[in-house]
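Structure first, commentary second.
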Amino acid sequence: MAQISREEVQHLAHLARLELTEEETAHYADQLSAIVEAVARVSDVAAQDIPPTSHPIPITNVYREDVAKPGLDRAELAAAAPSWEDDRFKVPRILGED
Amino acid sequence: MAPVMDGDLARQDAATMAAAMQGGEVTSVEVTQACLDRIDAVDGQVHAFLHVDRDAALETARGIDELRSTGAALGPLAGVPLALKDVLTMNGVPTTCGSRILEGWRPPYDSTVVERLRDAGVVILGKTNMDEFAMGSSTEHSAYGPTRNPWDLERIPGGSGGGSAAALAAFEAPLAIGTDTGGSIRQPAAVTGTVGVKPTYGGVSRYGLVALASSLDQAGPCARTVMDAALLHAVIAGHDPRDSTSIDAPVPDVVAAAKNADVRGMRIGLVRELGGEGYQEGVRQRFDEAVAILGDLGADVVEVSCPNFEYALAAYYLILPSEASSNLARFDGMRYGMRVGDDGQASVEEVMSQTREAGFGSEVKRRIMLGTYALSSGYYDAYYGQAQKVRTLITRDFAAAFDQADVLISPTAPTTAFRIGEKVDDPLAMYLNDIATIPVNLAGNCAMSIPIGLAPEDGLPVGLQIMAPALADDRLYRVGAALEQALVDKWGHELIEEVPAL
């Protein structure tokens with residue numbers, strides 16, 4: 050049985066930018082293990098040489114006329130932003146202290 | 050047509066409302082007000098709506114009435130009210146997707162679906178409740194509390210589009226928009242005794258539909274009758290250059306198909322793998338009766354086998370979380386929505402992690418981590434890669450089945466509506482609700498759920514699913530309308546008339 054440890058859950062949470070509590074980590078370790086075990090059966094049938102499907106209705110090279118169109122309204126974007134300064138999105142610092 | 054009485058206005062179907070407006074018997078303002086009054090009266094119990102756009106709806110209705118008075122040519126649904134699932138953007142109107150992370154967000158643009166509804170003169174009443182980011186089968190995973198099933202307020206209305214389905218069953222709106230990634234239109238339709246259609250993938254534009262799993266998501270019509278669903282389908286479908294997966298082909302004439310309602314000589318395939326064990330007794334009973342009716346109507350009922358369908362659920366719960374974990378990365382607290390922990394000291398990474406921890410609910414976190422796991426190096430080939438192969442096998446099963454039958458049928462859901470709270474922290478039990486609906490999303494073809502009666506053991510609605518090949522959406526309406534007519538003739542009324550008074 051695929052067993053996902055608490056450490057793995059913490060690692061996944063970090064990759065997915067989720068700051069889980071201890072309680073959540075334990076709960077998800079059990080649930081994710083059970084789910085992964087259930088879905089692992091895809092390997093039972095698909096081991097053969099079968100082409101993968103990533104999209105149900107394959108369409109390639111979709112073009113449109115290269116015509117400039119108005120974008121979104123800047124004032125409306127600012128109104129919806131969590132933080133906005135000098136006509137830009139204001140974000141927390143992006144570099145660590147060390 | 051009998052005159053439509055004001056007291057019963059909200060109970061009429063969309064086609065009847067439209068005819069009454071065209072005949073000058075009622076105005077759109079009166080119809081819209083009737084729906085708003087009904088929402089005021091019952092939505093405290095049902096909780097189908099997250100936001101009621103009262104003033105704008107009445108203003109739209111007034112505009113339609115004025116246009117009509119000038120003799121302007123209006124579309125068949127002009128002036129008819131509609132409930133919009135809260136996963137589609139509407140300029141200036143709150144769009145939460147059932148999540149705290151988008152609480153209070155007002156998008157600066159219309160989705161294509163909304164744009165087409167506006168162009169058709171449809172009156173949008175407000176936004177309906179849903180499982181957070183459309184992840185769920187019960188609407189219990191909404192951050193704003195569950196929606197209740199009008200047939201029994203202690204039970205779930207299905208999900209993720211439980212709000213849209215409940216709004217129909219509670220007579221709060223005659224039309225609704227849903228989205229269907231693994232059954233989120235069809236399963237709520239089944240458990241609320243309403244009609245829901247997942248069009249062919251690419252049939253309805255996804256522009257402005259907040260993405261769950263981009264290769265599976267599809268918006269579609271929800272209604273109380275097959276004809277109403279057809280009229281709405283015709284309004285929202287068709288090619289959109291803003292969605293590169295949108296199909297550049299004519300929309301099948303679904304309204305003509307609903308009028309045609311003739312299954313004589315059609316080959317209808319019973320999918321052996323979708324039924325039997327695991328399906329509730331009353332669901333099987335009503336389904337078998339409906340099959341007999343289709344035979345009586347002149348259809349040629351055959352049995353078909355789709356052996357790989359038993360792997361569909363497993364493939365879906367790898368593909369969906371994988372796509373979702375990627376799509377939901379956009380909710381980072383930087384450009385819109387919630388931001389938590391920005392104290393001037395915390396780094397952007399810490400703020401993102403705290404925001405997503407606070408803003409997402411349990412099922413969303415579960416699926417994001419599952420998707421992150423399935424896509425991580427070392428596991429990718431064993432999980433996501435294999436699931437994509439299963440997807441090919443399921444598409445091949447459909448192709449073989451459609452060689453033998455024009456449409457396929459099955460129960461829509463294995464059970465009737467279950468009790469609120471029963472499966473909320475049991476993800477594997479919850480996922481089983483979509484066992485019959487998921488194959489269609491994986492293959493990208495189209496399907497409909499229509500009500501076929503109440504299960505004798507609990508008195509709750511049962512749905513029948515009709516599946517057709519890609520771009521043959523009209524066949525759904527032809528079969529659905531024929532079966533609906535036969536059932537209404539048998540019962541002497543529509544099933545929805547039996548919903549208990551609220």
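If you read the sequences in order, they're chains A and B. 129 is the number that our numbering gives to position 80 of the first sequence; each next residue is one higher, with no gaps. 184 is the number that our numbering gives to position 135 of the second sequence; each next residue is one higher, with no gaps. Ideal Cβ placement from N, Cα and C applies to all residues, glycine included.
request  = Run down chain C in chain order and give the residues with a C-beta less than 7 Å from the C-beta of P100(A).
outcome  = Absent from the structure is chain C; the protein chains it does hold are A and B.
ask   = Name the DSSP beta bridge partners of K134(B), please?
value = The partner list for K134(B) (beta bridge, DSSP) reads T177(B).
ask   = Listed in chain order, which residues of the segment 101-129 of chain A have Cβ atoms closer than 7 Å to some Cβ of chain B?
value = P101, T102, S103, H104, P105, I106, I108, V111, R113, L121, D122, E125, L126 and A129
request  = Count the CB pairs spanning the segment 215-226 of chain B and the segment 56-68 of chain B that are closer than 8 Å, and state whether there are at least three.
outcome  = yes
query = Leaving out five residues before and five after G242(B) in sequence, what residues of the same chain have Cβ atoms less than 7 Å from its Cβ?
reply = W200, A218, P500, P510, L544, I545 and V548
ask   = Would you say A485(B) and S459(B) are within 7 Å of each other, going by their C-beta atoms?
value = yes
message = Using a Cβ-Cβ cutoff of less than 6 Å, which residues in the same chain neighbour P270(B) once the five nearest sequence positions on both sides are dropped?
response = The answer, listed in chain order, is V246, A278, L281 and H282.
ask   = So with Cβ pairs under 7 Å, would you call E406(B) a contact of chain A?
value = yes
request  = Can you tell me which of L369(B), Q334(B), S209(B) and L137(B) puts its alpha carbon nearest to the alpha carbon of A504(B)?
outcome  = Q334(B)
task = Report the three-state DSSP secondary structure of L99(B) (helix, strand or coil).
result = strand
request  = Assuming L121(A) contacts Y158(B) (C-beta within less than 8 Å), just tell me the rounded distance between them.
outcome  = 6 Å
message = Any C-beta of chain B within less than 9 Å: which residues of the segment 75-91 of chain A qualify?
response = Correct list: H76, Y77, Q80, L81, A83, I84, V85, A87, V88, A89, R90 and V91.
Beta-carbon contacts of Q534(B) that lie in its chain and below 7 Å, excluding the five residues immediately before and after = A310
message = So for V528(B), helix, strand or coil by DSSP?
response = In the structure shown, V528(B) sits in a helix (DSSP, three-state: H, G or I).
query = I143(A): buried (16+ other C-beta within 10 angstroms of its C-beta) or exposed?
reply = exposed
key: Residues of the segment 133-158 of chain B with Cβ closer than 7 Å to any Cβ of chain A, in chain order   = Hits within the stretch, in order: W154, R155, P157 and Y158.
Inter-residue Cα distance where the pair is A423(B) and E114(A) = 38 Å
query = Looking at C-beta atoms only, is the number of pairs between the segment 176-183 of chain B and the segment 206-213 of chain B that lie closer than 8 Å three or more?
reply = Two segments are said to touch when three or more pairs of C-beta atoms, one from each, lie closer than 8 Å; by this definition the segment 176-183 of chain B touches the segment 206-213 of chain B.
ask   = What did DSSP end up calling L503(B) once you bin it into helix, strand or coil?
value = Reduced to three states, the DSSP call for L503(B) is strand.
request  = Keeping to the same chain, check which residues put their C-beta closer than 6 Å to that of G145(A); ignore five residues upstream and five downstream.
outcome  = none
ask   = Is K247(B) close to chain A, meaning its C-beta is less than 7 Å from at least one C-beta of that chain?
value = No, because no Cβ of chain A sits closer than 7 Å to the Cβ of K247(B).
message = Looking at the secondary structure, which residues open and close the alpha helix (DSSP H) in which D277(B) lies?
response = V275 to I285
ask   = Out of curiosity, what's the CA-to-CA distance linking A89(A) and A395(B)?
value = If I take the Cα positions, the gap works out to 39 Å.
inquiry  = For P356(B), count the other beta carbons within 10 Å of its own beta carbon; 16 or more makes it buried, fewer makes it exposed. Which is it?
reply    = exposed
ask   = Less than 7 Å separating the beta-carbons of A450(B) and L457(B)?
value = yes
ask   = Buried or exposed: E429(B), going by 16 or more other Cβ atoms within 10 Å of its Cβ?
value = According to the sequence provided, residue 429(B) is Tyr. The question's Glu does not apply to it. Y429(B) is exposed by the Cβ-count criterion.
task = Pull up the distance between the alpha-carbon of M54(B) and that of L202(B), whole angstroms please.
result = Low confidence applies here, because M54(B) scores a pLDDT of 48, under 50, leaving its location unreliable; read the following figure in that light. Each residue's CA atom was taken as its position, placing M54(B) and L202(B) some 28 Å apart.
request  = Quick one: list the residues of chain B neighbouring E68(A), beta-carbon separation under 7 Å, in chain order.
outcome  = S402, Q403 and E406
ask   = Which parts of the segment 409-493 of chain B are runs of the beta strand (DSSP E), unbroken and 3 residues or longer, counting only runs that do not cross its ends?
value = Taking only runs of at least 3 residues, the beta strand (DSSP E) segments lying wholly in the segment 409-493 of chain B are 456-460.
ask   = DSSP beta-bridge partners for E352(B)?
value = Bridge partners of E352(B): L319(B).
inquiry  = Under 7 Å, Cβ to Cβ, is there at least one residue of chain B near Q52(A)?
reply    = no
Proximity test, Cβ basis, 7 Å: R55(A) and chain B = no
ask   = When the Cβ atoms of the segment 459-471 of chain B are set against those of the segment 68-79 of chain A, are three or more pairs found closer than 8 Å?
value = no
inquiry  = So for M516(B), helix, strand or coil by DSSP?
reply    = strand
inquiry  = Please report the straight-line C-alpha distance between I554(B) and V244(B), rounded to a whole angstrom.
reply    = Because residue 554(B) is not part of the residues shown, which for chain B are 50 to 551, the question remains open.
query = Of all Cβ atoms in chain B, is any one closer than 7 Å to the Cβ of R142(A)?
reply = yes
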